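The sequence shown: position 302 = 302 (full-length UniProt numbering), numbered continuously.
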Amino acid sequence: MAKATGPERFEHLYINGEWVKPIDGALVDSIDPATGRPWALVAFAGKQDVDRAVEAARAAFRGPWRRMPAHERAAMLRRFAEAFREAIPEIIEHEVRDSGRLIVDARADLGAEVAWYHWFASLADKTLGTTVPMDDSVHCFTTRVPVGVVAAITPWNAPLMTICLKLGAALAAGCTLVVKPAETTPVSTLLLGRIAERAGLPPGVLNIVPGHGHEIGDHLVGHPGVDKVSFTGSGATAKRMLKTGADSLKRFTFELGGKAPHIIFADADLEQALNSATSSAWTNCGQSCALGSRVLVERPVYDRVAEMFRQRAATVRVGMPMDEATRMGPQNSQQQLDKTLSYFEIGRAEGAELLAGGRRIDRPDLAGGYFVEPTVYAGVTNQMRIAREEIFGPVAALIPFDGEEEAIEIANDTPFGLTAGLWTNDLGRAHRVSNRIEAGSVWVNTYRYVRWSLPYGGFKQSGWGRENGIDALDPYLETRTTVISTTGQAANPYA
Ligand code: NAD
């Protein structure tokens, strides 16, 4: 008898160390963006499920997790890292089917995440306090204690990477978590529950509840049992969260959008700069917060760079994400596809010169998928919407400039401040310009160099707080100051 085919089923949430069916949730289709068809059916949590998850996280925080010595927590995180490494063959396809990321990119990311989890493990027993010198009558010291239950809410563009940065840091700090992945990419994150089991995490330390942002995401942010929200996503959602979380004065960390300048000076090695500028504008089909989407080019080489960009667009192999040879996959959803297509209209209406792309791809082998062409606009001014707003499509906007001052002025003329790149062979200029760029990461003669040990986060409207680096633990810790009198004498002020 032929095996029944159909969407894979993921009918359970991961709460309190158990796989449970939703009480008031539902089964929802997960769409493969490469085909536009459902590939999985996934349990979405309702509010009661979230309440259960928060309760489990609180109990674990008060109980075994809080009492576990830090070096044992570190050892557990190392086991988690190794269980994650072993699970890569099992989960990588789920990451690709949900998100549309390329298999080659997902393989690189997941491999790196093992190192990320090990890095966080290495920090778990180094949340050191200080002793503070006063006088002989007191002994004063600080201790760093976990903030409590964390709601980790993530987007869809790199699901396992975005949760890795939160999960690793929160567990290392001694917090417990309720994780809510994005609506369109719930599966690979849900499978982290299996890894938690294999690593032996106590029940309730990690809970995973896929679901709708406006419904259970909002419920989590307002929940009195949640102490902190760690969010990666759009600025509009972050602003809503601030209002929802105001009543309970929640702690927030935000990793938000970007519209990064990628500056090419005339003295740069143009071939290298082009390799970097094109891939950073089109990587993950333009669905990255760190995208170098504003390409600022010094006027003497502007026409040459524009022509190189146009030629490079024609060489990009767009195709199915599971194909090893593919270099650009689809947009993640119909909604994101529509958004990108709308910006092609906006670019036209604003009078930008379309050098390449600007259309949905119409190929029989990609029918139904959310594919668009790698796109290049020349003659862009920094006032145009295609230069100011985050598109999240593979769109490079080429903006000319004259000299350092104008480059810096245009680079900083944006509400965002996440990342920036610059290409020059003048060492002095590299220092002068990078020092004045308003962004959390500045890359010189390279781009998108993001690692576990390097703090990452935004200036301005690109975020609050940092992920990665030693700083990554700060948002998950409170500092307690303790003062112990050595005499035990208290004067009676009313004598
Ligand atoms: P989004 O804000 O729409 O959604 C992100 C998450 O928030 C999803 O899980 C969603 O369900 C949830 N959510 C939505 N409304 C909510 C609400 N009212 N309350 C609680 N949760 C809610 O963002 P998106 O479109 O999924 O992601 C794209 C954005 O993420 C872009 O702006 C991108 O730049 C940003 N991003 C930033 C980084 C970074 O590190 N800075 C990394 C990746 C993506």
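Beta carbons: idealized from backbone N, C-alpha and C, even for Gly. All figures in this text were calculated on a predicted structure; none of them were measured in a lab.
Contact check, Ile15 vs Arg58, beta carbons under 8 Å: Within the sequence shown, residue 15 is the residue found at index 15, counting from 1. Within the sequence shown, residue 58 is the residue found at index 58, counting from 1. Going by C-beta atoms, Ile15 is not nearer than 8 Å to Arg58.
Inter-residue spacing [alpha-carbon to alpha-carbon] between Ala169 and Val178: Within the sequence shown, numbered from 1, the residue matching residue 169 stands at position 169. Within the sequence shown, numbered from 1, the residue matching residue 178 stands at position 178. Rounded to whole angstroms, Ala169 to Val178 spans 14 Å at the Cα level.
Complete runs of the alpha helix (DSSP H) confined to the stretch 264-319 [at least 4 residues]: 270-282, 299-313
Distance cut-off 7 Å: Arg240 Cβ against heavy atoms of the ligand NAD: On the sequence shown, position 240 is the one that residue 240 refers to. Yes, Cβ of Arg240 sits closer than 7 Å to a heavy atom of the ligand NAD.
Beta strand (DSSP E) runs contained entirely in the stretch 373-431, provided each spans 3 or more residues: 375-378, 395-401, 419-423
Residue closest to Asp365, alpha-carbon to alpha-carbon, out of Gly329, Val301, Asp267: Here residue 365 refers to the residue found at position 365 when the sequence shown is read from its first residue. The shortest Cα separation from Asp365 among Gly329, Val301, Asp267 belongs to Gly329.
Buried or exposed by the 16-neighbour rule on C-beta atoms within 10 Å, applied to Met1: Residue mapping note: residue 1 aligns to position 1 of the sequence shown, counting from 1. Its pLDDT being 43, under 50, Met1 is placed unreliably by the model, and the measurement read from it follows with that caveat. Exposed, since its Cβ has fewer than 16 Cβ neighbours within 10 Å.
Residue of Ala158, Leu167, Leu160, Asn157 minimising C-alpha distance to Ala150: Here residue 150 corresponds to residue number 150 of the sequence shown, with the count starting at 1. Checking the displayed sequence, the identity of residue 150 turns out to be Val instead of Ala. Of the candidates Ala158, Leu167, Leu160, Asn157, the one whose C-alpha sits nearest the C-alpha of Val150 is Leu167.
Through-space distance from Val50 to Asp24, alpha-carbon basis: Here residue 24 corresponds to residue number 24 of the sequence shown, with the count starting at 1. Here residue 50 corresponds to residue number 50 of the sequence shown, with the count starting at 1. If I take the Cα positions, the gap works out to 10 Å.
Beta carbon of Ser462 nearer than 8 Å to that of Gly258: Taking the sequence shown and counting its residues from 1, one reaches residue 462 at position 462. Taking the sequence shown and counting its residues from 1, one reaches residue 258 at position 258. A contact, by the Cβ cut-off of 8 Å.
Cβ-heavy atom distance, Phe344 to the ligand NAD, below 7 Å: Along the sequence shown, read from residue 1 onward, the residue named residue 344 stands at position 344. Because no heavy atom of the ligand NAD lies under 7 Å away, the Cβ of Phe344 does not count as near it: no.
Per DSSP, cross-strand counterpart(s) of Trp452: Along the sequence shown, one-based indexing puts residue 452 at 452. Answer by DSSP bridge pairing: none, since Trp452 is not bridged.
Span separating the alpha-carbon of Thr283 from that of Cys140: Looking up residue 283 in the sequence shown gives position 283. Looking up residue 140 in the sequence shown gives position 140. Straight-line Cα distance between these residues: approximately 51 Å.
Strand pairing of Trp464, partner residues [DSSP]: Counting from 1 along the sequence shown, the entry for residue 464 is found at position 464. The partner list for Trp464 (beta bridge, DSSP) reads Phe254.
Ala2, DSSP secondary structure in three states: Counted from its first residue, the sequence shown places residue 2 at position 2. Confidence at Ala2 is low in this model, with a pLDDT of 45, below 50, so the placement of that residue should be treated as unreliable; the coordinate-derived value is given next. Three-state result, Ala2: coil.
Endpoints, the beta strand (DSSP E) within which Ile346 is located: Taking the sequence shown and counting its residues from 1, one reaches residue 346 at position 346. Unbroken run through Ile346 is the alpha helix (DSSP H), 334-349; no beta strand (DSSP E).
Member of Gln335, Leu291, Cys285, Val54 whose CA lies at the smallest distance from the CA of Gly319: Here residue 319 is taken as the residue at index 319 of the sequence shown, counted from 1. That would be Cys285, whose Cα lies nearest to the Cα of Gly319.
Beta-carbon spacing of residue 514, Ile264 below 8 Å: In the structure as shown, the chain begins at 1 and stops at 495. Residue 514 is therefore absent and cannot be evaluated.
Proximal residues to Gly174 (C-beta, below 7 Å), its chain only, five neighbours per side dropped: Position 174 of the sequence shown, counted from the start, is the residue given in the question as residue 174. Cβ neighbours of Gly174 beyond the five flanking positions: Trp65, Arg66, Arg73, Pro146.
Inter-residue spacing [alpha-carbon to alpha-carbon] between Phe401 and Met384: As a working mapping, residue 401 is identified with position 401 in the sequence shown. As a working mapping, residue 384 is identified with position 384 in the sequence shown. Each residue's alpha carbon lies about 15 Å from the other.
Which listed residue (Ser188, Asp98, Ala238, Phe10) has its alpha carbon closest to that of Ala87: Residue 87 sits at position 87 when you count from the first residue of the sequence shown. If we check each option's Cα against that of Ala87, Ser188 comes out closest.
Burial state of Ile195 (16 or more Cβ within 10 Å): The residue you call residue 195 lines up with position 195 of the sequence shown. Ile195 is buried by the Cβ-count criterion.
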